[in-house]
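This report refers to the structure that appears directly beneath it.
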Amino acid sequence: MTVHPTVEELLQRREQGHSLEAPLYTRADVFDLDMDVIFRRHWIFVGVEPDVPEPGDCMTVEVGASSVLILRGEDMQIHAFHNVCRHRGARLVTAEKATIGNIVCRYHGWTYGETGALLFAEHMGPEFDTSCHGLKPVHLRTLAGLIFICLAAEAPDDFDRMAETIAPYIGPHDIANSKVAYSYDLIEEGNWKLTMENNRECYHCAGNHPELTIPLQAYGFGFAPDELDAFHRADAASYEGAQASASARWTEMGLPSAEREELLNATGFRAERLVLSGAGESHTLDTRRACGKLMADFTQADLGALSFWTQPNSWHHFMADHAVTFMVMPLAPNRTLVRTKWLVHKDAAEGRDYDLENLIRVWTATNQQDADLVALTHGGVSEPAYEPGPYSRFTEGLVEKFCQWYVARMSRHLLDAALRMPAGAPVAAE
Amino acid sequence: MTVHPTVEELLQRREQGHSLEAPLYTRADVFDLDMDVIFRRHWIFVGVEPDVPEPGDCMTVEVGASSVLILRGEDMQIHAFHNVCRHRGARLVTAEKATIGNIVCRYHGWTYGETGALLFAEHMGPEFDTSCHGLKPVHLRTLAGLIFICLAAEAPDDFDRMAETIAPYIGPHDIANSKVAYSYDLIEEGNWKLTMENNRECYHCAGNHPELTIPLQAYGFGFAPDELDAFHRADAASYEGAQASASARWTEMGLPSAEREELLNATGFRAERLVLSGAGESHTLDTRRACGKLMADFTQADLGALSFWTQPNSWHHFMADHAVTFMVMPLAPNRTLVRTKWLVHKDAAEGRDYDLENLIRVWTATNQQDADLVALTHGGVSEPAYEPGPYSRFTEGLVEKFCQWYVARMSRHLLDAALRMPAGAPVAAE
Amino acid sequence: MTVHPTVEELLQRREQGHSLEAPLYTRADVFDLDMDVIFRRHWIFVGVEPDVPEPGDCMTVEVGASSVLILRGEDMQIHAFHNVCRHRGARLVTAEKATIGNIVCRYHGWTYGETGALLFAEHMGPEFDTSCHGLKPVHLRTLAGLIFICLAAEAPDDFDRMAETIAPYIGPHDIANSKVAYSYDLIEEGNWKLTMENNRECYHCAGNHPELTIPLQAYGFGFAPDELDAFHRADAASYEGAQASASARWTEMGLPSAEREELLNATGFRAERLVLSGAGESHTLDTRRACGKLMADFTQADLGALSFWTQPNSWHHFMADHAVTFMVMPLAPNRTLVRTKWLVHKDAAEGRDYDLENLIRVWTATNQQDADLVALTHGGVSEPAYEPGPYSRFTEGLVEKFCQWYVARMSRHLLDAALRMPAGAPVAAE
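Structural data, given as structure tokens:
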């Protein structure tokens with residue numbers, strides 16, 4: 001009875017400056033396309049070099065129905081493969097992290113080397129050609145210690161553009177010489193796009209994030225100037241002054257801070273370093289460093305917070321003492337994984353250099369608050385009476401850019417894909 | 001391979017006097033239509049005035065994916081709104097019951113008044129028109145203290161017919177001056193129509209409801225006269241005599257008791273007051289009042305039980321000392337919520353005037369027995385070998401009327417809806 | 001965007017000697033067809049005569065949405081019915097096993113006799129014809145104590161072929177005079193065809209089944225001769241000698257052992273009796289009998305293991321002291337029930353004649369190991385990068401035959417069914 005609009009119609013008729021129509025958040029066919037178009041054909045953030053510090057260290061990452069095996073080889077290069085045996089399809093590595101020699105399938109013992117070549121397969125007879133049965137590779141790139149993969153046969157060609165622009169910002173924090181102090185997975189009961197939209201504004205911060213707003217200043221995220229009274233106008237001006245003088249100081253230290261934003265690229269990104277309140281050192285309750293041993297070779301702690309956002313699925317905050325990375329991974333139309341990792345200098349010792357609870361307190365609290373908001377919103381947009389509402393042009397501009405990016409990427413690939421893909425063809429690189 | 005009959009075909013070929021074909025109980029597309037046609041376009045029972053006794057009291061009711069916010073205003077009027085913020089769609093109130101001032105969205109602080117008007121929205125700039133962003137209203141009517149809502153833009157116009165006919169029956173029990181002594185939710189593992197069919201006959205009572213059959217007499221629900229032996233014939237005649245003399249007595253007291261039945265109206269209903277066994281006072285194990293303080297201004301307790309049934313989703317029993325209301329709400333093709341509330345005079349005190357366990361014992365036991373029967377039947381009708389079986393024309397006449405009503409309402413609206421509804425149009429009133 | 005291949009296309013283009021394409025393991029529509037074509041139109045193994053040893057003993061078996069009631073009558077015949085009341089469809093018996101007199105529906109008391117005839121139905125009036133409302137029968141056959149049913153109106157006509165061939169093999173173990181010492185259900189997180197494929201090869205045994213490989217010799221399941229070194233070649237030759245001499249001995253005792261294989265029949269099967277290692281008596285850790293009281297009238301325990309495999313859903317091992325039967329029942333595209341039963345002589349007493357833990361140890365361990373492998377494989381074949389891999393022609397020949405049978409039966413019935421089935425027609429026998 002109800003005629004469902006097609007995904008193409010929903011994308012085409014999207015009203016700018018407004019939240020998306022409900023089916024784009026809730027429908028199973030849209031979710032499947034999101035996984036296929038957004039998460040299989042774009043560069044997605046999946047982890048950090050310190051996840052696999054030594055040769056033989058590997059980790060697995062689930063992207064929809066796919067499992068990707070990420071492995072550091074003897075030559076310190078990081079390789080990525082589809083985590084599936086070429087014999088009868090068994091998963092090869094099931095642990096999230098492990099250290100291995102060769103990759104041996106548990107089912108019938110097929111054995112692959114670190115480059116994915118099939119080294120050994122019993123009972124297959126003399127005519128069997130092992131060279132046709134190596135593991136299928138997955139594109140992998142690193143950016144100043146952050147690991148990105150792309151599951152498409154042909155990855156978007158603008159990764160370098162992002163890497164060149166952003167490496168000077170993140171590089172000084174020397175992520176490759178850090179370690180993962182803590183990592184945890186939070187499942188949000190909402191669509192992944194609501195998770196991303198929530199991340200792209202701080203309009204909701206004052207009312208919902210008592211811990212996060214101690215070091216953060218709302219002005220950094222935009223405001224409606226007409227709404228400010230004399231007091232807040234002075235406050236905003238003082239914030240701008242502090243940001244300008246800090247930027248000048250950081251520039252001298254070789255730490256770029258100016259906003260760089262190319263959010264509408266296939267590999268969309270944005271970065272800027274913002275001054276923090278109080279002591280200005282870190283995302284902590286007292287605004288001071290959580291880790292006594294600073295990252296890289298830093299000698300000063302008041303470096304503010306360098307933030308780095310990517311489309312479609314990550315954001316990161318780099319401070320003098322630690323960094324926090326966030327990976328978003330859709331699990332279902334109404335379930336989204338947020339994996340958060342805290343990085344400190346690799347020589348920092350828990351107990352001596354940092355108190356773990358203090359290190360993670362602000363973002364574990366903030367993540368849970370955001371998860372509650374996402375669940376609240378997913379519940380509401382699932383409601384037949386919901387209709388897209390207006391974004392604030394002052395404080396929700398990046399939300400709008402996320403939606404624009406999403407609509408553009410989906411529209412582009414839906415067309416391309418319809419023209420090029422034979423039925424049932426595997427999407428992965430060969 | 002299997003060609004699935006359409007809903008229209010299933011409705012059209014329904015064999016009168018027989019249970020429905022399996023897909024009408026089990027198929028997901030039928031369930032979606034049930035929610036859309038039956039539960040969004042008809043008057044449904046959702047609660048009682050004592051659920052929101054004071055100004056600022058509100059409750060939320062879930063109807064499929066919709067959440068409805070029911071709120072008593074300062075003027076004591078009860079309003080109903082779609083429980084979804086006009087900004088980015090967050091749910092406004094999540095508790096089942098709460099007392100609030102204005103309605104404030106937790107996400108970004110948008111604030112609505114008790115009539116739904118948007119009073120305040122930060123950061124939206126001077127050009128933003130709050131008057132276009134009020135909460136969307138939902139139709140609400142009360143009948144002698146019972147609250148009904150309709151989610152359609154245009155509600156069925158025969159609510160008054162039911163209200164005029166039934167108010168004289170229920171009115172004397174003065175529900176507005178009662179309180180909810182107890183409420184609980186039971187989830188039945190079966191389709192909602194099986195829950196309703198089970199409610200519409202007492203053929204199963206003798207074999208399944210040892211507590212309920214103490215005050216109830218099966219004869220009140222029909223019987224096959226040819227099957228009665230001399231003993232039971234005399235018994236039935238004596239029951240008819242008792243009913244006639246009680247009715248005469250109740251009429252003198254201003255308590256109508258004669259059967260009124262208009263079950264095939266869009267807003268279908270049926271009511272009658274039946275004599276109870278034993279002391280004749282209440283649905284209790286000893287057939288005596290459970291609450292010493294009687295409802296309204298009653299001075300006599302032997303008022304039998306006034307029963308009120310509605311299509312599609314409620315039944316109610318009003319006695320001198322207490323009333324019980326039942327709301328049915330489909331959750332999934334095979335899951336149905338039954339919410340039961342016990343009402344007593346608002347001045348009755350637990351412990352002094354009533355023992356809660358005694359008050360609720362008969363219906364908590366009976367509900368669980370019915371839930372078991374519904375689960376047993378849902379399991380069976382899901383079976384490919386199931387075929388519709390015959391209803392008894394003596395004791396399952398109201399089941400047949402429920403099915404007739406269902407088939408007629410669905411058929412009518414499927415046609416209307418196909419003609420009128422643009423794709424994706426919100427169903428709700430504007 | 002992605003064009004899904006139809007089931008017909010997937011079957012037609014299946015590459016011989018390779019595992020199936022992913023959708024045949026994972027897609028919901030394929031699963032539904034598997035249930036309809038394979039599990040409702042073929043003879044499936046569901047239990048053993050000792051499950052219902054006495055008149056009035058019954059058991060229920062779930063096959064997809066169907067429940068089948070299997071009942072031994074006063075005349076010792078075993079009957080099978082659809083377990084659904086002809087009145088309003090309630091399930092009649094819900095326990096897995098029970099002992100009953102007549103079959104009485106709990107809902108409204110309709111009562112059926114042991115042949116399925118409706119004996120009694122209250123309130124239905126004089127014109128109601130009970131003879132049209134008996135329980136619907138299900139085809140049932142026994143083979144040397146094993147119970148098979150077929151839910152189709154017309155069952156495959158080659159059951160006799162299997163029974164005649166196999167009865168001489170199993171008959172001597174006298175299953176009808178055994179008892180079920182233990183039964184348990186294991187749910188494997190994978191498609192039922194992966195469960196079956198896993199059962200049809202021992203290529204994986206050496207690496208995964210430390211308990212099972214004590215009595216078993218891999219050579220019995222094939223090997224690649226070119227891969228054997230001098231030592232293993234001698235080992236294989238010695239195994240062949242042992243098998244030959246044991247076979248000669250068994251033949252004298254009236255115990256056939258030669259391989260019989262008709263796996264591609266509609267009712268496909270295979271049997272052979274293989275010598276066991278060590279003491280050669282049983283599937284135990286010490287290769288000796290687990291039950292002191294031998295089955296049937298056996299006086300010798302070194303009878304090796306008679307194995308019997310059927311398409312689509314069972315395998316069985318019969319030794320001198322006990323037998324083990326395995327029933328596979330699909331629950332969902334990615335969930336499969338494996339029900340295992342251990343049978344011993346009906347006069348054997350636990351504690352005296354056998355230690356239960358010792359009796360069941362090998363196969364409870366092996367089943368769990370197999371379940372892990374099936375889950376691992378289901379995870380992998382669900383992966384977009386999965387593509388069918390090659391089977392070993394030496395050790396995976398029976399896997400290939402299972403796939404060939406599956407593809408042939410599906411293709412045949414898809415065609416037949418499309419031609420013959422009216423929409424919505426019940427599949428069951430009338």
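Chains as they are written, first to last, in UniProt numbering: chain A, 1 to 430; chain B, 1 to 430; chain C, 1 to 430. Glycine included, each C-beta is placed from N, C-alpha and C at the ideal position.
Of the residues the options, the one placed nearest residue i, counting alpha carbons only
i                  : options                                    : result
Val-93 of chain C  : C:Phe-326, C:Ile-70, C:Gly-280             : C:Ile-70
Ala-153 of chain A : A:Phe-326, A:Tyr-391, A:Phe-39, A:Pro-50   : A:Phe-39
Asn-208 of chain C : C:Ile-44, C:Ile-360, C:Ala-385, C:Asp-370  : C:Asp-370
Ala-80 of chain C  : C:Arg-14, C:Pro-50, C:Phe-148              : C:Phe-148
Arg-352 of chain A : A:Phe-298, A:Leu-306, A:Lys-293            : A:Lys-293
Ser-66 of chain C  : C:Asn-83, C:Pro-53, C:His-4, C:Cys-58      : C:Asn-83
Trp-250 of chain B : B:Ala-22, B:Val-362, B:Ala-301, B:Gly-17   : B:Ala-301
Cys-403 of chain C : C:Leu-194, C:Tyr-219, C:Ala-365            : C:Leu-194
Glu-74 of chain C  : C:Phe-31, C:Gly-101, C:Val-328             : C:Gly-101
Lys-346 of chain C : C:Asp-32, C:Glu-54, C:Leu-285, C:Met-327   : C:Glu-54
Leu-228 of chain C : A:Pro-215, A:Glu-122, A:Asp-229, A:Ala-236 : A:Glu-122
Chain-order list of residues whose beta-carbon lies under 7 Å from that of residue i (same chain, five-residue window excluded)
i                  : result
Asp-174 of chain B : Met-295, Ala-296
Gly-190 of chain A : Asn-334, Thr-336, Val-374, Ala-375, Thr-377, His-378
Ile-360 of chain A : Tyr-182, Trp-342
Where residue i sits in the DSSP three-state scheme
i                      : result
Asp-57 of chain C      : strand
Glu-383 of chain B     : coil
Gly-304 of chain C     : coil
Lys-346 of chain A     : coil
Gly-389 of chain A     : coil
Ile-100 of chain B     : coil
His-316 of chain A     : strand
Glu-192 of chain C     : A small fix is needed here, since residue 192 of chain C is Trp in this sequence, not Glu. The answer is helix: DSSP assigns Trp-192 of chain C an H, G or I state.
Tyr-184 of chain A     : strand
residue 436 of chain B : Since the displayed chain B opens at 1 and closes at 430, residue 436 of chain B lies outside it and no answer follows.
Pro-168 of chain B     : helix
Met-329 of chain A     : strand
Ala-428 of chain A     : Because the pLDDT at Ala-428 of chain A is just 36, under 50, the model does not fix this residue reliably, and the value given afterwards should be weighed accordingly. In the structure shown, Ala-428 of chain A sits in coil (DSSP, three-state: anything other than H, G, I, E or B).
Exposed unless 16 or more other CB atoms sit within 10 angstroms - verdict on residue i
i                  : result
Ser-282 of chain A : buried
Ala-348 of chain B : buried
Pro-126 of chain A : exposed
Pro-388 of chain B : buried
Met-253 of chain C : exposed
Arg-412 of chain A : exposed
Gln-16 of chain A  : exposed
Asp-226 of chain A : exposed
Bridge partner(s) assigned by DSSP for residue i
i                  : result
Tyr-219 of chain C : Partner(s): none; Tyr-219 of chain C has no beta bridge.
Arg-288 of chain C : Paired residue(s): none; Arg-288 of chain C is not in a bridge.
Trp-309 of chain B : B:Arg-270, B:Trp-315
Cβ neighbours of residue i in the same chain (closer than 8 Å, five flanking residues each side left out)
i                  : result
Phe-267 of chain B : The amino acid at residue 267 of chain B is misidentified as Phe; the sequence shows Thr. Around Thr-267 of chain B: His-42, Trp-43, Pro-156, Asp-158, Phe-159, Arg-161, Met-162, Thr-310, Gln-311.
Glu-262 of chain B : Arg-161, Met-162, Thr-165, Gly-268, Phe-269, Arg-270
Met-1 of chain C   : Low confidence applies to Met-1 of chain C: its pLDDT is 41, below 50, so where it sits in the model is not reliable, and the reading given next is rough at best. Answer for Met-1 of chain C: no residue qualifies.
Contact test: residue i Cβ vs the ligand MG heavy atom, cutoff 6 Å
i                  : result
Ala-348 of chain A : Looking at this structure, you won't find the ligand MG or any other ligand, since it has none at all.
Beta-carbon proximity list for residue i, same chain, < 6 Å, skipping 5 on both sides
i                  : result
Cys-291 of chain B : Asp-321, His-322, Val-344, Ala-348, Asp-353, Tyr-354
Test: residue i CB closer than 7 Å to a CB of chain E
i                 : result
Leu-92 of chain C : Of the chains in the structure shown, none is chain E; the protein chains are A, B and C.
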